[in-house]
Amino acid sequence: MNNFRIGFGYDVHQLQEGYDFWLGGIKLEHTKGAVGHSDADVLIHVICDALLGAANLRDIGYHFSDQDPEYKGIDSKILLRDVMTMIREEGYEIGNLDTTICLQKPKVNPHIDTMKTCLADVMKIPENNVSIKATTTEKLGFVGRQEGVSAYCVALIYKVN
2 MNNFRIGFGY DVHQLQEGYD FWLGGIKLEH TKGAVGHSDA DVLIHVICDA
52 LLGAANLRDI GYHFSDQDPE YKGIDSKILL RDVMTMIREE GYEIGNLDTT
102 ICLQKPKVNP HIDTMKTCLA DVMKIPENNV SIKATTTEKL GFVGRQEGVS
152 AYCVALIYKV N
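Everything in the sequence shown is counted per my numbering, starting at 2 for the first residue and increasing by one.
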């Protein structure tokens with residue numbers, strides 16, 4: 002039996018003025034924020050999708066519908082905590098996560114260590130198992146025009162029992 006599984010996550014959120022900008026579990030100061038049913042934390046959403054996919058548990062929308070008022074404005078860290086409960090109930094633990102955020106502004110690099118600490122704490126894993134990278138799109142596309150933010154995640158999980 003294969004004890005290792007991988008999962009992939011991808012998400013996009015529109016950026017608009019008048020919204021808070023949550024990314025990687027922390028609030029960034031910016032003139033725009035991500036729009037969504039929850040707090041629209043694109044990084045946490047891709048981590049959830051990658052973990053759920055690796056465990057063959059469908060996707061974030063299946064478990065936390067944007068049609069359900071219970072999740073309106075919810076802190077995505079709560080969703081991530083619940084996803085961790087789901088994958089652990091299936092007997093899995095995280096090997097590592099590798100993420101990439103695509104965002105023109107604000108600069109993400111100064112916040113990466115704080116995000117890693119926050120996410121590792123929520124998932125109850127070592128910070129060294131969480132990789133966060135950031136890139137711009139060289140002013141191309143919706144990210145380059147500062148209309149949106151996107152992120153990717155690959156997760157490795159393994160069976161512990």
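By construction, the Cβ of each residue, glycine as well, lies at the ideal position given by its N, Cα and C atoms.
Distance from the CA of L81 to the CA of K108, rounded to the nearest whole angstrom, comes to 24 Å. Taken in chain order, the complete alpha helix (DSSP H) segments of 4 or more residues contained in the segment 99-150 are 113-124, 142-145. With contact defined as three or more Cβ pairs closer than 8 Å, the segment 85-99 and the segment 51-65 are in contact. M124 places its beta carbon 9 Å or farther from that of I27. Take D67, set aside five residues on each side of it, and the residues of its chain with a beta-carbon closer than 6 Å to its own are H38, in chain order. When DSSP states are grouped into helix, strand and coil, K78 belongs to the helix group.
Judged by DSSP secondary structure, H64 falls outside any beta strand (DSSP E) and instead within the alpha helix (DSSP H) spanning 61-64. Only residues of its own chain outside the window of five on either side were considered, and among them I7, F9, A51, D99 have a CB closer than 7 Å to the CB of V155, listed in chain order. Check the Cα spacing between F22 and each of D12, Y11, V36, V13: the tightest is with V36.
The Cβ atoms of L44 and G96 lie no closer than 9 Å to each other.
By the CB criterion at 9 Å, D42 and K78 fall inside the cutoff. Straight-line spacing of the CA atoms in I102 and A152 works out to 4 Å.
9 Å or more divides the Cβ of K106 from the Cβ of N4.
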